[in-house]
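There are 4 protein chains.
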Amino acid sequence: MGQVSNSGAGVRDYAGAMASTRPRGFASDNMAGASPEVIAAIAACNMGLALPYGNDELSQRLQRKVSDIFEREVSVFLVSTGSAANALSLATLTPPWGSVLSHVEAHINRDECGAPEFYTNGAKLVQLPGPQGKMDLAALKVQSRRMVGDVHSVQPSSVSISQATELGTLYSLEEIAAIGAVCREAGLGLHMDGARFANALAALGCSPAEMTWKAGVDVLSLGATKNGALNVDAVVLFKKELASELAFRRKRAGQLNSKMRFLAAQIEAYLDNDLWLRNARQANAMAKALWEGLKLIPGVKLDRAPEGNILFGRMSAKIVDGLLAQGFRFYYDRWEPGVVRLVTSFATEQADVEDLLAVVRAVAAQ
Amino acid sequence: MGQVSNSGAGVRDYAGAMASTRPRGFASDNMAGASPEVIAAIAACNMGLALPYGNDELSQRLQRKVSDIFEREVSVFLVSTGSAANALSLATLTPPWGSVLSHVEAHINRDECGAPEFYTNGAKLVQLPGPQGKMDLAALKVQSRRMVGDVHSVQPSSVSISQATELGTLYSLEEIAAIGAVCREAGLGLHMDGARFANALAALGCSPAEMTWKAGVDVLSLGATKNGALNVDAVVLFKKELASELAFRRKRAGQLNSKMRFLAAQIEAYLDNDLWLRNARQANAMAKALWEGLKLIPGVKLDRAPEGNILFGRMSAKIVDGLLAQGFRFYYDRWEPGVVRLVTSFATEQADVEDLLAVVRAVAAQ
Amino acid sequence: MGQVSNSGAGVRDYAGAMASTRPRGFASDNMAGASPEVIAAIAACNMGLALPYGNDELSQRLQRKVSDIFEREVSVFLVSTGSAANALSLATLTPPWGSVLSHVEAHINRDECGAPEFYTNGAKLVQLPGPQGKMDLAALKVQSRRMVGDVHSVQPSSVSISQATELGTLYSLEEIAAIGAVCREAGLGLHMDGARFANALAALGCSPAEMTWKAGVDVLSLGATKNGALNVDAVVLFKKELASELAFRRKRAGQLNSKMRFLAAQIEAYLDNDLWLRNARQANAMAKALWEGLKLIPGVKLDRAPEGNILFGRMSAKIVDGLLAQGFRFYYDRWEPGVVRLVTSFATEQADVEDLLAVVRAVAAQ
Amino acid sequence: MGQVSNSGAGVRDYAGAMASTRPRGFASDNMAGASPEVIAAIAACNMGLALPYGNDELSQRLQRKVSDIFEREVSVFLVSTGSAANALSLATLTPPWGSVLSHVEAHINRDECGAPEFYTNGAKLVQLPGPQGKMDLAALKVQSRRMVGDVHSVQPSSVSISQATELGTLYSLEEIAAIGAVCREAGLGLHMDGARFANALAALGCSPAEMTWKAGVDVLSLGATKNGALNVDAVVLFKKELASELAFRRKRAGQLNSKMRFLAAQIEAYLDNDLWLRNARQANAMAKALWEGLKLIPGVKLDRAPEGNILFGRMSAKIVDGLLAQGFRFYYDRWEPGVVRLVTSFATEQADVEDLLAVVRAVAAQ
């Protein structure tokens, strides 16, 4: 094996981007920094001693806060990345001889270098089709029963859905509930990858409870890093009986932070005063603004308005090259040749959108 | 399984400690917060967009900085905990059918809930004896050759030493070099668990290079969290050819932070202007001050002066109870009945020491 | 989970079959017993003491015999099942963060309950399309390069082809060589699942060397159990440098038999006097005879002549029911509704074929 | 790594032994072949077709037979080696974050190349002391409670005892029951490694039920290979609720034989007409005869009469060399310098004993 890259494939010229003082980014929401409120919370909690490993007051308080927000007694486990949150969740729901059913485009399938396989000790990820990043219910029904009880085959054990999806679409509450019903009937656990949970919540305008356990979700990866935190995501267990096992799995995975207060402070600030929703609304609005601007420009083809903060479409090579030349960063040619993905974040401003639109317009007009 | 506790066994009355406004802690250096310089660095790097996953400028700069400090081209991998740093390091050196040789008191043996076994996919940890937390060289020599080439037995593959040790002692440079020589001769990789690397460095007054690769160390877990950072430790590879494998293992373990700049900023601030050494010197000095004060008090029995920031001794039950009653937190009865461990940190001040000494003196005089 | 069945799904009424004194079977070649020569060899080697674990004379002799047959110095590892042979082979070629590319219908994907994931410690199995059970070369080329060097994705590490395939077809020598060339170019190891290796060899009329290492195969699972042995398959390594690792993996998997002579004797007898080829020719011929007879019967639809000992086709429900009623056992409705699979073995005789044809003809004529 | 050997360390001159037409062996009971009754049973069951994977009549019948013998409804899983039986059993009782408590000399600790770690996905094996290969009950009690509920530590989950032990001693029924009581109280599963189960049974003269579930054993590895079978051992589950999980684990480990009748036939013959007990009595008697003869010879020092079929003692180097020169094979210098182990089997005859005694006497007299 030669050079290993931490960048995703399809982002041309990362090296070039390094040279610019400031990348102009629509590559992912993780290019943004953190919300000032989150930084302030970290500084504020840095006073005196605290019990380690989540035994501190702030961490304990957070358990209650998240329970309140979700209108149910939950167990919250803070971890350092979304991949860890997903893999830990799935390991809790899936034995090594089990399978996880998810959409073929799911992050757990494509972008985690086998973290679910590692954490589950070798379960199988079964990939389901479905339009626009959402799993096909009929396919799920078939797979949820496949070879059940047959010792020659891995056993369907859990389902994982991304809300919002990797393609920027949303499951409606009814769609989640329908998936939840299949899971209950087949005895499968239901996991939600909520790396962009707040973006979905803001777009649907429902409650966190409605989008999760009321629709049948057992375990949630509650993303925060992409939407304003530094380096924390959470596993939220709606089945508290899974907590003991998950505690050992987290420690064993090197994911039990000693100075836990610095993770808890981030999540607390993230949830306080609706910061998470405000951030998500900004990201969603900027995606909408991009869409509104781009759809009018010749050489750009967009399917439909974005539901969250991710926009897919097709641009001519000329436009792509023009944007790259101006220092813009984004994924293209990764899904299909000609397909471009633009992601906004809480830090995206109207001016950033205008900048991009101006370049596209200029190149398109040449 | 009943209630799961994140606290270590032997810390009586954690719940009680929660009630106090501020625990007075000598339980571990991880009760401290972060150095102001580290918090400031986090805030300072929170400007604009940055490439994710370590492709940002700050992360790249850090590679060079650490290489300079270690006087050698190294590969640095930032992770969220010391357990992750250790387990990743060992997985890179040890196949599933291999064994890791370490001292029976090593953190990897006692306090990581099997993280090394998880990351190595089931290697065996062989525990070596030795006085004061340091492995016996003769025992190491025997084990380094045990059943080599015999298919019925796991194969000796790596050695892990803690510097400073879990008992607060230090390996001299000569001792490390002697272990390194055994490793080279037997073809084993040598890992150093440097959760308290700076404390050892400050105490020995040698260079980072002398304490590591010049003495035969292949991989270092460079601790930062216990000594002033929030939530970052590093794997430092002196064998760069291991970097590719480790990159995939890190990602797969959910340890590749997306907003890596916030980890890199911590380590940069930690190393800048000798902050790490200044912090370590303060912790070491406070341990010495505790020792100087305690050794004069009847009812307290100390073996010898602490080399780093950990102090072991024996106290009467009366004194232990008296300290607990005053809100002090520390481990006792964990190693042996009557044995007490006190740990200082960069945040420990002379007044904290005086406070504790005053209580001990008062109780002892009753 | 409720009742667990060791039978494959789709074999209706196994319980009923139990009641009959003798199932009439075309369900799989593993319904047959063992060749008399193999039984005799087991009895013959049961004399006196022998060194265990493969250090006996017979096992050593077998190494040389297999090397001679493959016209190359090879390492042979005997194991108890084909799943073990496959999983061990793949583990030797694939790191935990790697992927195995194989046809979607491959036994390793569908019928081993995740054995490859277990033995590889969590590698990912990537499923390739292709007509008639043979992988599409263009798809292989694309996947062999997918995300190489991208830390977010598992890394293509090995390719596994079944010869003969699970659908009863054969790769030509040219097709194998073409796959081998893709592997070499991309740096992937090539594994052949030869559960029905002899059937393919007999059908192609080539040498074992031509069908394996001369075409680029690195590791072969050499099946024997389905074609006349009791309970032994072999891993044949054409890259001897993999032998040391595989020896430890085999032991660790509980696959190192102590009384190895009883496995070696089976393989020796299997290879002696072309027994393996004679058995395979008989099975292949009976499949052909079935095809010749069935294709003339109305209500039966066969695509083309079988290449090995597996026959696929479509039968009316009336015929299927008629056969079941007469005690015949075979898979149906497992791949698609209406699709029937018939497998012959070395123990299948012309009379067995005639029996089945008679029933089909009778039912079809009703 | 250089040359890998399948022999155990300490058996000098295996190569030399190969040269002799027939090794004269007291190295292990696995040097023997199989009982004629077992060979005959294999030949006898080789008639016609049978359903695969244990769905055949013989396998079903065996379930009932073993249940009768153990006076309880049990689930029996046949596997190819004792290591597989042990590792599967432990995996069923121990989560990855659990620990297995066993004697430091246990086969699972010393001689299985980490098979338990592999099958359990990385559990930790905790080694207990105790005289003559039997675990110290006080140490067990302490370890059974160690760090329970502390997330930093692996959790005591199962206990494994060998009956007979690796040192040839036996647990009395009372001793097993005492261990069983500790397990029940602490909530741990109890596994018995019965590689030499029949030898213990014959020596104690008790019933299989008394030595297992009536004393608190949950899972038994029932050895057969060392005592007259070719290549089969069994997991016997006294807790039938573990059967479903074990079925998947067995398949996934490549341990589900397709032509299962050939394993079932061996165990049936092994149990029929008390063959297992007759074989064991012969082995035990020969060990006793060896002891009676050796204890009178100067230069040989034996501690006490053997309880099963293993004899430990000390012999002078001169005697060891003399035996080796005459083609005798046995372990020496493996436990301690000067310590010799002699193992008899069902195939050992009085003449073999006399042969060895004659050589020892002759050398001792020189």
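Protein chains in written order, with my numbering: chain A, 1 to 366; chain B, 1 to 366; chain C, 1 to 366; chain D, 1 to 366.
The beta-carbon is built from N, C-alpha and C at its ideal position, and this holds for glycine as well.
Quick caveat, the model's predicted, so the values are computed rather than measured.
Going by DSSP, what residue range makes up the alpha helix (DSSP H) through residue i?
| i | result |
| --- | --- |
| B:Lys65 | 57 to 69 |
| C:Ile179 | 173 to 186 |
| A:Leu167 | Element bounds for A:Leu167: n/a, residue is neither H nor E. |
| C:Leu263 | 261 to 271 |
| C:Leu190 | Not the alpha helix (DSSP H): C:Leu190 falls in the beta strand (DSSP E), residues 189 to 194. |
| A:Val363 | 350 to 365 |
| B:Ala44 | 36 to 44 |
Taking 8 Å as the CB-CB limit, is residue i close to chain A?
| i | result |
| --- | --- |
| C:His191 | no |
| B:Met135 | no |
| C:Asp29 | no |
| D:Arg329 | no |
Is there a C-beta anywhere in chain C that falls below 8 Å from the one on residue i?
| i | result |
| --- | --- |
| A:Val363 | no |
| D:Asn231 | yes |
| B:Pro337 | no |
| A:Ala86 | The question names Ala, yet the displayed sequence has Asn at residue 86 of chain A. No, its Cβ sits nowhere closer than 8 Å to a Cβ of chain C. |
| D:Asp355 | no |
| D:Ser207 | no |
| D:Ser80 | yes |
| B:Asn284 | no |
Looking at the secondary structure, which residues open and close the beta strand (DSSP E) in which residue i lies?
| i | result |
| --- | --- |
| D:Leu201 | That residue, D:Leu201, is in no beta strand (DSSP E); its alpha helix (DSSP H) goes 197 to 204. |
| D:Arg249 | Per DSSP, D:Arg249 belongs to no beta strand (DSSP E); it is in the alpha helix (DSSP H), 243 to 252. |
| B:Lys295 | No beta strand (DSSP E) holds B:Lys295; DSSP gives it neither H nor E. |
| A:Met315 | 310 to 315 |
| A:Val300 | 300 to 302 |
| C:Ala234 | 233 to 237 |
| B:Val379 | The question about residue 379 of chain B has no answer, for chain B in this structure spans 1 to 366. |
Quick one: does residue i have its CB under 8 Å from some CB of chain B?
| i | result |
| --- | --- |
| C:Val219 | no |
| D:Gly114 | yes |
| A:Ser162 | no |
| C:Arg145 | no |
| C:Arg249 | yes |
| C:Val236 | no |
| C:Val126 | no |
Could you tell me whether any Cβ in chain D is nearer than 8 Å to the Cβ of residue i?
| i | result |
| --- | --- |
| A:Leu101 | no |
| A:Trp97 | yes |
Tell me whether residue i, by its Cβ, gets closer than 7 Å to a heavy atom of the ligand ADP.
| i | result |
| --- | --- |
| B:Pro131 | This structure lacks the ligand ADP; in fact it carries no ligand of any kind. |
Does the region 219 to 230 of chain B come close enough to the region 189 to 205 of chain B that 3 or more CB-CB pairs lie under 8 Å? In short, these stretches touch, since the Cβ pair count reaches three.
Mind the definition here: the region 85 to 95 of chain C touches the region 120 to 135 of chain C only if three or more C-beta pairs lie below 8 Å; say whether that holds. Taking a contact to require three or more Cβ pairs closer than 8 Å, the region 85 to 95 of chain C and the region 120 to 135 of chain C qualify as touching.
Between the region 45 to 57 of chain A and chain B, which residues of the former have CB atoms less than 9 Å from a CB of the latter, in chain order? Identification of residues in the region 45 to 57 of chain A having a C-beta nearer than 9 Å to some C-beta of chain B yields Cys45, Asn46, Met47, Gly48, Leu49, Ala50, Leu51, Pro52, Tyr53, Gly54, Asn55, Asp56, Glu57, given in sequence order.
Could you give the uninterrupted runs of the alpha helix (DSSP H) lying entirely in the region 63 to 139 of chain C, keeping only those of 4 residues or more? DSSP runs (the alpha helix (DSSP H)) wholly in the region 63 to 139 of chain C: 82 to 93, 107 to 110, 115 to 119.
Beta carbons nearer than 9 Å to chain C: which residues of the region 257 to 272 of chain D have them? Residues Asn257, Ser258, Lys259, Met260, Arg261, Phe262, Leu263.
Check whether the region 328 to 341 of chain A touches the region 27 to 34 of chain A, counting contact only when three or more Cβ pairs, one atom from each stretch, lie closer than 8 Å. Cβ pair count under 8 Å is three or more, so yes.
Report yes or no: do three or more beta-carbon pairs, one from the region 255 to 267 of chain D and one from the region 221 to 238 of chain C, lie closer than 8 Å? Segments in contact, yes.
Decide if the region 167 to 187 of chain C is in contact with the region 127 to 141 of chain A; the criterion is three or more beta carbon pairs, one per stretch, under 8 Å apart. Taking one beta carbon from each stretch, the region 167 to 187 of chain C and the region 127 to 141 of chain A have fewer than 3 pairs nearer than 8 Å; the two do not touch.
Specify whether the region 207 to 216 of chain A and the region 240 to 252 of chain A touch according to this definition: at least 3 beta carbon pairs, one from each stretch, less than 8 Å apart. The answer is no - the region 240 to 252 of chain A does not touch the region 207 to 216 of chain A, with fewer than three Cβ pairs under 8 Å.
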